[in-house]
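Accompanying notes for the structure given below.
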Amino acid sequence: MSIMLPKIDFAFKLLFGDERSKNILTDFLKAVLPELADEEFEELTIVDPHLKREYSGGKLEILDVKIRTASGKIINIEIQIAAIPEMRERISYYMANMITAQIGSGGHYGELKQAVSIVITDFDFIPETKRYHTVFLMLEKKEHFPFNGLMEIHVLSLARLPDDADGRLADWLKFLKAENEEEFKMLAEKNPVINEAYCKLQAMSDDEANRMLYEARLKAQRDEYSRIQGARREERWEVALNFKRMGIPVEQIVRGTGLSSEDIAKL
344 MSIMLPKIDF
354 AFKLLFGDER
364 SKNILTDFLK
374 AVLPELADEE
384 FEELTIVDPH
394 LKREYSGGKL
404 EILDVKIRTA
414 SGKIINIEIQ
424 IAAIPEMRER
434 ISYYMANMIT
444 AQIGSGGHYG
454 ELKQAVSIVI
464 TDFDFIPETK
474 RYHTVFLMLE
484 KKEHFPFNGL
494 MEIHVLSLAR
504 LPDDADGRLA
514 DWLKFLKAEN
524 EEEFKMLAEK
534 NPVINEAYCK
544 LQAMSDDEAN
554 RMLYEARLKA
564 QRDEYSRIQG
574 ARREERWEVA
584 LNFKRMGIPV
594 EQIVRGTGLS
604 SEDIAKL
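Taking the numbering used here, I'd label the letters of the sequence shown as residues 344 to 610.
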């Protein structure tokens with residue numbers, strides 16, 4: 344039986360969102376957020392450790408791991424293996440919600456704690472750079488000093504990770520990116536906590552109930568991806584048809600839509 348891939352969000356949440364193996368989550372967070380004081384990790388609370396057990400019907404929910412640190416900072420981790428529409432806008436919306444959800448109608452703004460979003464992608468999400476770890480803050484436009492440090496977004500790109508990258512964070516990202524036993528074993532030998540994660544991943548993979556849910560999640564993700572791709576193809580056909588009706592040359596329609604001249608001739 345093949346091992347579950349940790350970059351699939353179901354397996355990721357089982358692995359990093361389990362109260363019984365919080366040291367795995369802690370080691371990963373310390374690799375991503377080395378500037379965060381050690382005291383913050385002394386009391387990590389996983390806000391929603393439960394998994395939704397149904398994936399059929401309706402919108403495909405995002406399986407994330409939300410954590411509260413010792414001082415009350417909120418950290419949210421999500422992993423995406425394929426591009427989804429308006430992803431940057433959705434991340435901004437979730438970040439705003441992480442802030443506003445902290446206080447009720449009678450709360451005070453001074454009670455707000457920092458919100459950190461960690462987004463792991465297996466596609467080229469930030470094409471503006473070749474770095475695999477990018478950090479976004481709210482900064483003054485010219486002098487680049489922070490407004491208040493309440494919001495911080497980390498994007499970790501598995502697709503951008505070079506083979507020769509080294510260090511604690513690179514090893515964790517290689518673990519998430521790994522797809523065979525040889526890669527997992529090599530990384531497990533370098534870091535005892537990654538070794539623990541690898542052993543847990545093996546146990547998860549041998550569990551029949553987990554395996555069924557994992558396969559169901561994979562199917563749901565493939566179906567959603569196919570739906571999105573189909574919708575995008577329909578949009579391109581519609582744009583091409585409108586261009587053709589406007590009398591725009593075929594060569595320009597090809598460049599603008601990515602369709603072939605043969606496809607456009609059929610319209």
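Cβ atoms here follow ideal geometry from the backbone N, Cα and C, with glycine treated the same way.
Predicted model only: the values in this text are computed from it and were never measured.
Query raised in the report: Quick one, are the C-beta atoms of residue 350 and residue 501 less than 8 angstroms apart?
Result: The answer is yes: Cβ separation under 8 angstroms.
Requested in this report: From the DSSP output, in three-state form, read off residue 397 for me.
Outcome: Because the pLDDT at residue 397 is just 47, under 50, the model does not fix this residue reliably, and the value given afterwards should be weighed accordingly. DSSP places residue 397 in coil when its eight states are reduced to three.
**Report entry** Three-way DSSP call (helix, strand, coil) for residue 555 in this model
**Finding:** helix
Query raised in the report: Among residues of its own chain, excluding the 5 on either side of residue 493, which ones have a beta-carbon nearer than 7 angstroms to its beta-carbon?
Result: 442, 455, 457, 458
Requested in this report: List the whole-angstrom C-beta distance separating residue 355 from residue 515, where the pair is believed to meet the contact cut-off of C-beta under 8 angstroms.
Outcome: Not confirmed; about 12 angstroms, so no contact.
Query raised in the report: To the nearest angstrom, how far is it from the Cα of residue 348 to the Cα of residue 449?
Result: 44 angstroms
Requested in this report: State the CB to CB distance for the pair residue 618 and residue 602, rounded to an integer number of angstroms; the pair is presumed to be in contact (CB under 8 angstroms).
Outcome: No answer is possible for residue 618: the residues shown for the chain start at 344 and end at 610.
Query - Nonlocal neighbours in the same chain, by C-beta distance under 7 angstroms from residue 606, ignoring five residues either side - result: none
Query raised in the report: Going by other Cβ atoms of all chains shown within 10 Å of its Cβ, with 16 needed for buried, is residue 399 buried or exposed?
Result: Unreliable placement is indicated for residue 399, whose pLDDT of 42 sits below 50; the coordinate value is still reported in the next sentence. Answer is exposed; the Cβ neighbour count stays below 16.
Report task. Between the Cα of residue 538 and those of 518, 554, 378, spot the shortest distance and give me the residue it belongs to. Result -> 518
Report task. Counting only the same chain and skipping the five closest in sequence on each side, list residues whose C-beta sits under 6 angstroms from that of residue 409. Result -> 390, 391, 419
Query raised in the report: If we call anything under 8 angstroms between Cβ atoms a contact, is residue 557 one with residue 353?
Result: Contact: yes.
Report task. Leaving out five residues on either side along the sequence, give the residues of the same chain with a beta carbon under 8 angstroms from the beta carbon of residue 508. Result -> 475, 516, 517
Report task. Note down the Cα distance separating residue 401 from residue 535, rounded to an integer number of angstroms. Result -> Low confidence applies here, because residue 401 scores a pLDDT of 43, under 50, leaving its location unreliable; read the following figure in that light. Cα to Cα, residue 401 sits roughly 40 angstroms from residue 535.
Query raised in the report: For residue 504, which residues from the same chain have a beta carbon less than 6 angstroms from its beta carbon, with the 5 sequence-adjacent residues on both sides left out?
Result: 475, 516
Report task. Report, in whole angstroms, the separation of the C-beta atoms of residue 375 and residue 469, which I expect to be a contact under 8 angstroms. Result -> With a Cβ gap of about 16 angstroms, residue 375 and residue 469 do not count as contacting.
Report task. Inspect the beta-carbon positions of residue 465 and residue 417 and report whether they are closer than 8 angstroms. Result -> Between residue 465 and residue 417, the gap from beta carbon to beta carbon reaches 8 angstroms or more.
Query raised in the report: Sorted by chain position, which residues of the same chain lie with C-beta nearer than 6 angstroms to residue 608's C-beta, five sequence neighbours on each side aside?
Result: none
Query raised in the report: Which class does residue 576 belong to by DSSP, given the choice of helix, strand or coil?
Result: helix
Query raised in the report: What residues are listed by DSSP as bridge partners for residue 464?
Result: 423, 500
Report task. Could you tell me the boundaries of the beta strand (DSSP E) in which residue 477 lies? Result -> 476–480
Query raised in the report: How long is the line joining the alpha carbons of residue 487 and residue 439, rounded to whole angstroms?
Result: 21 angstroms
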